[in-house]
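In my numbering, the protein residues as written are 97 to 177.
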């Protein structure tokens with residue numbers, strides 16, 4: 097992964113975004129470089145909604161998910177410059 101990061105132009109922030117599912121939990125996270133170390137920041141995580149209570153909890157996470165989506169779009173636009 098560091099080889100890929102090093103090929104990125106210096107004008108583009110070195111951030112990566114991922115959505116992963118583990119143990120019935122969905123994680124929306126950002127990976128970024130700091131002093132040659134890869135740091136993971138989880139923006140939001142929640143259990144996959146299978147009951148009404150979990151759907152209500154999921155709905156409370158929607159603003160964070162939209163912020164994460166906006167960050168992904170901004171990073172894609174940085175790559176197009």
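Think of the CB as a built atom: it goes at the ideal place given N, C-alpha and C, for glycine as much as any other residue.
Computed from a predicted structure; not experimentally measured.
For this session: Counting only the same chain and skipping the five closest in sequence on each side, list residues whose C-beta sits under 7 Å from that of residue 157.
Result: Locating residue 157 in the chain shown gives position 61, where the first residue counts as 1. 140, 142, listed in sequence order.
Exercise. If you count every other CB in all the chains shown that lies within 10 Å of the CB of residue 175, and 16 or more means buried, which is it?
Worked result: To locate residue 175, count along the chain shown from 1; it is residue 79. By the neighbour-count rule (16 or more Cβ atoms within 10 Å), residue 175 is not buried but exposed.
For this session: Might you give, ordered along the chain, the residues of its own chain that have their beta carbon closer than 7 Å to the beta carbon of residue 161, omitting 5 neighbours on each side?
Result: For the purposes of this step, residue 161 is taken as residue 65 along the chain shown, with counting starting at 1. Within the same chain, residue 161 has close Cβ partners 124, 140.
Exercise. Does the stretch 126-133 come close enough to the stretch 142-152 to have 3 or more Cβ pairs within less than 8 Å?
Worked result: Contact between the stretch 126-133 and the stretch 142-152 is absent, because fewer than three Cβ pairs lie under 8 Å.
Problem set entry | Distance CB(residue 126)-CB(residue 111) smaller than 7 Å | Taking the chain shown and counting its residues from 1, one reaches residue 126 at position 30. Taking the chain shown and counting its residues from 1, one reaches residue 111 at position 15. Contact: yes.
Exercise. So residue 171 and residue 113 are in contact, right, with Cβ under 8 Å, and what is the actual spacing, rounded?
Worked result: Translated into positions along the chain shown, residue 171 becomes position 75. Translated into positions along the chain shown, residue 113 becomes position 17. At roughly 7 Å, the Cβ-Cβ gap stays under 8 Å, so residue 171 and residue 113 are in contact.
Problem set entry | Same chain, Cβ closer than 8 Å to residue 150, five either side skipped, listed in chain order | If you number the chain shown from 1, residue 150 lands on position 54. For residue 150, where only same-chain residues beyond five positions count, the Cβ hits under 8 Å are 142, 143, 144.
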